[in-house]
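When we follow this note's numbering, the leftmost residue of the sequence shown carries the number 11, and every step to the right adds one.
Take a look at the structure set out below.
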Amino acid sequence: MSRIDPLVFQERHIAAIVTRFQNVRDDYNRLTNPQELGKLRKQSAAVMLQAPTGIGKTLIATEVVARFSALENVVWFWFAPYATLIDQAAASLQRQAPQLKILSIEHERSPDELASGALFVITWQTVATKTKESRLARTTGDDGLSVDDLIAQARALGLRVGVVVDEAHHGFVKAKEAYRFFADVLEPDYALLMTATPRDTDVASFADKTGYQMGGSTDWASITRYEGYQAGLLKLGVKTAQFLTGNNDDAALVDFEEVAMSECAAMHRHIKGVLAEKGVKLTPLMLVQVPNGGTALDKAREYLTGPLKFPESAVKVHASEEPDPNLQALAQDPTVEVLIFKMAVAMGFDAPRAFTLAALRGTRDANFGIQVVGRIMRVHPLLQRRPGTPQVLNYGYVFLANREAQEGLTGAATVINKLQEHTANTTPETVVTFTVDSSFVQVVKTGQTAAIFPPPDHAQAAAALTPSDADSTATTSDHQQSTARLTQHTPSLFPELAKTELTHGVHDGPTALVAAFELDAEEQYDYPLKVQELPQFVTEVLPTNPDDFEAQLVSFVDFSGVLADRDRSRTKLVKRTVDIFEADDTPDDQDVWAKMSAASIAQRARQIAFEYPDVDNRQFLQALRKRFRDALEAGGFDLPESDEGLTQQLELVLVRNPSLIRQAHKRCRASQIQAQAFALPQVLQSKYRLEPAKRNVYGTFPADLSPEELRFAEILDTSSEVEWWHRNPPRQPGAVTLYRWSNGVGFFPDFLVAVKDRKLAGGVALVEFKGPQLQQYDKEKAGASHMHYGRAFMVGVKAKGVKELRLFRLVDGELVDDGLFEVSRLRHE
Numbered sequence: 011m012s013r014i015d016p017l018v019f020q021e022r023h024i025a026a027i028v029t030r031f032q033n034v035r036d037d038y039n040r041l042t043n044p045q046e047l048g049k050l051r052k053q054s055a056a057v058m059l060q061a062p063t064g065i066g067k068t069l070i071a072t073e074v075v076a077r078f079s080a081l082e083n084v085v086w087f088w089f090a091p092y093a094t095l096i097d098q099a100a101a102s103l104q105r106q107a108p109q110l111k112i113l114s115i116e117h118e119r120s121p122d123e124l125a126s127g128a129l130f131v132i133t134w135q136t137v138a139t140k141t142k143e144s145r146l147a148r149t150t151g152d153d154g155l156s157v158d159d160l161i162a163q164a165r166a167l168g169l170r171v172g173v174v175v176d177e178a179h180h181g182f183v184k185a186k187e188a189y190r191f192f193a194d195v196l197e198p199d200y201a202l203l204m205t206a207t208p209r210d211t212d213v214a215s216f217a218d219k220t221g222y223q224m225g226g227s228t229d230w231a232s233i234t235r236y237e238g239y240q241a242g243l244l245k246l247g248v249k250t251a252q253f254l255t256g257n258n259d260d261a262a263l264v265d266f267e268e269v270a271m272s273e274c275a276a277m278h279r280h281i282k283g284v285l286a287e288k289g290v291k292l293t294p295l296m297l298v299q300v301p302n303g304g305t306a307l308d309k310a311r312e313y314l315t316g317p318l319k320f321p322e323s324a325v326k327v328h329a330s331e332e333p334d335p336n337l338q339a340l341a342q343d344p345t346v347e348v349l350i351f352k353m354a355v356a357m358g359f360d361a362p363r364a365f366t367l368a369a370l371r372g373t374r375d376a377n378f379g380i381q382v383v384g385r386i387m388r389v390h391p392l393l394q395r396r397p398g399t400p401q402v403l404n405y406g407y408v409f410l411a412n413r414e415a416q417e418g419l420t421g422a423a424t425v426i427n428k429l430q431e432h433t434a435n436t437t438p439e440t441v442v443t444f445t446v447d448s449s450f451v452q453v454v455k456t457g458q459t460a461a462i463f464p465p466p467d468h469a470q471a472a473a474a475l476t477p478s479d480a481d482s483t484a485t486t487s488d489h490q491q492s493t494a495r496l497t498q499h500t501p502s503l504f505p506e507l508a509k510t511e512l513t514h515g516v517h518d519g520p521t522a523l524v525a526a527f528e529l530d531a532e533e534q535y536d537y538p539l540k541v542q543e544l545p546q547f548v549t550e551v552l553p554t555n556p557d558d559f560e561a562q563l564v565s566f567v568d569f570s571g572v573l574a575d576r577d578r579s580r581t582k583l584v585k586r587t588v589d590i591f592e593a594d595d596t597p598d599d600q601d602v603w604a605k606m607s608a609a610s611i612a613q614r615a616r617q618i619a620f621e622y623p624d625v626d627n628r629q630f631l632q633a634l635r636k637r638f639r640d641a642l643e644a645g646g647f648d649l650p651e652s653d654e655g656l657t658q659q660l661e662l663v664l665v666r667n668p669s670l671i672r673q674a675h676k677r678c679r680a681s682q683i684q685a686q687a688f689a690l691p692q693v694l695q696s697k698y699r700l701e702p703a704k705r706n707v708y709g710t711f712p713a714d715l716s717p718e719e720l721r722f723a724e725i726l727d728t729s730s731e732v733e734w735w736h737r738n739p740p741r742q743p744g745a746v747t748l749y750r751w752s753n754g755v756g757f758f759p760d761f762l763v764a765v766k767d768r769k770l771a772g773g774v775a776l777v778e779f780k781g782p783q784l785q786q787y788d789k790e791k792a793g794a795s796h797m798h799y800g801r802a803f804m805v806g807v808k809a810k811g812v813k814e815l816r817l818f819r820l821v822d823g824e825l826v827d828d829g830l831f832e833v834s835r836l837r838h839e
């Protein structure tokens, strides 16, 4: 597997964390009092990255380490959650960032190995426990320096220390020695902690025991589950089925574990059939989670290979107390259809084939639930961004054998949704409840409680499937259509089940539960355009690079004003002399000149020239060298005697003028940008019922608005100066995009607003809403201009907790406050 290019949302977080570390580095460099160094570290060094499982945390952290190592002299310690994952993590790091120097903590603890980008992959057990391995790693001997001495030696060599902690909640909670090692030995200058299960209490404990502060959840780097879904990495949601009895006496009549496995197997086989029908060569994986101890593993295997008729070769069992490579191999083996595992191994293995999970007698721990659910949230590469994927494949399915003991799984969705509050109400939990004599389906919205008993009749069952009047925000027509649709399907799909129908084993065709999940997957709400005679919208289009793009790019590089820099290989330093025995001696400053390192110049020049992934580096370098040579000849300069000399002069010019290539690339891409008209779809389709809006073009508030964006949208919706407004969908064909503002990076302003009496662009203004945490990172967007609509207005608040909205403008590369935001200000550029 080759290197993976980060997706847009991953790139945004990578750049933000690198920028954060750069600012910390600059603070370190400005610090003049060494006694304040520890305080600065503890206040600024640590960053928390919280994201659902499968979102790409490891990829983001790897890119951060690789990019920042090119900007700072830093040696890294990467903490994996388990010893068995060290080799896997090291291989992933080397594949994604080959420029990093992966070292073994066992035999490469030598000062000669230390350099910027050197990285040790270890576990807390290696250095922060009382095990034999820990004692060896903390002792200087034939295998090298102790870790303690190694860190001291690194600092003596001018290297700073960086730390990445994967599954931070796991290592710190279990080993109190880890806190001491982190704070007293590592004392990291840069720390990135990653977790899918963040808890404010754990972070507060970490801060209390180490002194390293990470603030509250609003201060962390947070990636939403919805972003993962949009990028094709995660499924849209997880549907759960629970099986209940009406009274305790009936509980003895049903083996709920067998029912859960039977229904799970039916759904698994249905998904297998859908994949085959669509021509997707993928064998889905069914997971069965059993409690620790006892004979649960053997019992589950016997039922799966017996009544459920799975071949013995297709059912595998893993009972290790810690994930190992065998578990990963089983999860990826296409001949394995069912994987049975204990609660203890919920973490640490990747199973993108998994769609279904039968949870047999579970846990009350929501953190464990998140890890288990995370196994079925991932999207297999064969299905990522695949057009026309059936909706049934966009979900994971959990079948609970014991609702009362499964708070960990049912609570997982709540915790995961807290990572993306702006889309918390877009993920309904579909609960199918079975009693001994009947079954019924409920769509349980956020804040609602699932009913235990079915309604008295089918008409009421249909009502239970429809949100209450208090929650409904659709028009009367929409409501009637939805109710009619549900009433139409309810009698045939949800017949009452007698005790004899709750038998176990293989089902002939889809069960009522499978049909119910499929019906729910296809449910959608339609919102037609409410605004008549909308103008055609205009977007900027950036065509793909032509075959001669490198030659075109080089033609935009202007060497004429910078050729004098080709021999400026020295830099001025100040030599300060002080008599140490004279307290009042005035320092004597003297200018001295130092020759810059040719190797350092070459490395930096290549970083500048090879910055762009859309450029063939070899062709570009050849064309750039020829362009430089022609410029020397045209200017009447003597040519170097060798190609190596020519290259060295070119490298020096690039280092002295780092924006030369950047500006050429920007001008070249800008010359290719075209305008393209498009119209909005006549109907907006949504999986979820949306809140009504007065001035939105579809009459709704979109589901993906953050709380701050929703507040801004409400201002637009209630302003008499707004004729209509539209949420501009990011990275979609029907979106207004800006490309001229940067080097070919698409910018999708958040809102299109038709303002009364605006004379430009048919009265439509572009507005980008930015929270305070992203304003500086994305400040260039405040200076962006569309070829048709003109300026993109940036609106936001100046600080967290501040309610007042401000306009921002880019002036000489700096983001400045442009005054109080009022809708009327959108009339003028």
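For every residue, glycine included, the Cβ atom is placed at its ideal position computed from N, Cα and C.
On a predicted model such as this, the values are computed, not experimentally measured, just so you know.
{"Asked": "Going by other Cβ atoms of all chains shown within 10 Å of its Cβ, with 16 needed for buried, is GLY247 buried or exposed?", "Found": "buried"}
{"Asked": "Could you tell me which residues DSSP puts in a beta bridge with ILE350?", "Found": "VAL298, VAL327"}
{"Asked": "Under 8 angstroms Cβ to Cβ from ASP15, same chain only, skipping five residues before and after it: list those, please.", "Found": "PRO623"}
{"Asked": "Which one or two residues does DSSP pair with LEU59 in a beta bridge?", "Found": "MET204, ALA231"}
{"Asked": "Could you tell me which residues DSSP puts in a beta bridge with VAL778?", "Found": "The sequence shown places Glu at residue 778, rather than the Val named in the question. Its beta-bridge partners are MET804."}
{"Asked": "Tell whether a beta-carbon distance below 9 angstroms holds between GLU731 and SER834.", "Found": "yes"}
{"Asked": "Could you tell me if GLY64 is buried or exposed, where buried requires 16 or more neighbouring beta carbons within 10 angstroms of its beta carbon?", "Found": "buried"}
{"Asked": "Can we say the segment 313-320 touches the segment 263-281, given the rule of at least three CB pairs closer than 8 angstroms?", "Found": "yes"}
{"Asked": "Give the straight-line distance between the Cα atoms of ILE233 and VAL564, rounded to the nearest whole angstrom.", "Found": "38 angstroms"}
{"Asked": "Are the CB atoms of VAL85 and ALA125 within a distance shorter than 9 angstroms?", "Found": "yes"}
{"Asked": "Say whether chain D places a C-beta atom closer than 9 angstroms to the C-beta of LEU403.", "Found": "Given the protein chain composition of this structure (a single chain), no chain D is represented."}
{"Asked": "Roughly how many angstroms separate the alpha carbons of SER54 and ASP37, rounded to a whole number?", "Found": "9 angstroms"}
{"Asked": "Pull up the CB-CB distance for ARG35 and GLU73, whole angstroms please, since I reckon it's below 8 angstroms.", "Found": "Going by Cβ atoms, the distance from ARG35 to GLU73 rounds to 17 angstroms, so no, they are not a contact pair."}
{"Asked": "Is the CB-CB distance between LEU297 and LEU243 below 9 angstroms?", "Found": "no"}
{"Asked": "Just verifying my parser: in three-state terms, what is the DSSP assignment at ARG702?", "Found": "In the sequence under discussion, the amino acid at residue 702 is Pro, which differs from the Arg named in the question. Correct three-state label for PRO702: strand."}
{"Asked": "What does a CB cutoff of less than 7 angstroms around GLN786 pick up in its chain, not counting 5 residues either side in sequence?", "Found": "LEU825"}
{"Asked": "In the DSSP assignment, find the unbroken beta strand (DSSP E) run with SER696 in it and report its ends.", "Found": "693-696"}
{"Asked": "Taking HIS280 as part of the alpha helix (DSSP H), name the residues at either end of that continuous run.", "Found": "266-287"}
{"Asked": "Touch check for the segment 536-551 and the segment 691-699: three-plus C-beta pairs under 8 angstroms?", "Found": "yes"}
{"Asked": "Just confirm the distance between the C-beta atoms of TRP751 and LYS791, as a whole number of angstroms; I'd bet it's less than 8 angstroms.", "Found": "7 angstroms"}
{"Asked": "Would you call the segment 398-409 and the segment 344-351 touching, i.e. three or more CB-CB distances under 8 angstroms?", "Found": "no"}
{"Asked": "What is the DSSP secondary structure of THR437, counted as helix, strand or coil?", "Found": "Residue confidence for THR437 is low, a pLDDT of 30 falling below 50, so the modelled location carries little weight and cannot support an answer."}
{"Asked": "Taking Cβ to Cβ, would you say LYS245 is nearer than 9 angstroms to GLY48?", "Found": "no"}
{"Asked": "How far does the beta strand (DSSP E) with ARG170 in it extend, from its first residue to its last?", "Found": "170-175"}
{"Asked": "Reducing DSSP to helix, strand and coil, say where LEU244 ends up.", "Found": "strand"}
{"Asked": "Just to check my reading of the structure: ALA361 and ARG395 have Cβ atoms closer than 8 angstroms, yes? What is that Cβ distance to the nearest angstrom?", "Found": "With 8 angstroms as the limit, ALA361 and ARG395 do not qualify as a contact, their Cβ atoms being about 20 angstroms apart."}
{"Asked": "Using only the alpha-carbon positions, how far apart do LYS810 and LEU784 sit?", "Found": "12 angstroms"}
{"Asked": "For the pair the segment 737-751 and the segment 796-807, tell me if three or more CB-CB distances fall below 8 angstroms.", "Found": "yes"}
{"Asked": "What separation, rounded to the nearest whole angstrom, lies between the Cα atoms of HIS23 and ILE70?", "Found": "7 angstroms"}
{"Asked": "Excluding the 5 residues preceding and the 5 following GLU661 in the sequence, name in chain order all residues of the same chain whose CB lies nearer than 6 angstroms to its CB.", "Found": "ILE611, ALA612, ALA615"}
{"Asked": "Span of the beta strand (DSSP E) holding VAL732?", "Found": "732-737"}
{"Asked": "Given the structure, does THR234 come close to the ligand FMN, in the sense that its CB is under 8 angstroms from one of the ligand's heavy atoms?", "Found": "Looking for the ligand FMN in the displayed structure turns up nothing, as the structure carries no ligands at all."}
{"Asked": "Please classify TRP134: is it buried, with 16 or more other beta-carbons within 10 angstroms of its beta-carbon, or exposed?", "Found": "buried"}
{"Asked": "Roughly how many whole angstroms lie between the Cα atoms of ASN39 and LEU670?", "Found": "27 angstroms"}
{"Asked": "Answer yes if the segment 554-571 comes into contact with the segment 667-684, meaning at least three C-beta pairs across the two stretches below 8 angstroms, and no otherwise.", "Found": "yes"}
{"Asked": "Go through its chain and collect everything with a Cβ distance to TYR239's Cβ below 6 angstroms, but skip five positions before and after it.", "Found": "LEU246"}
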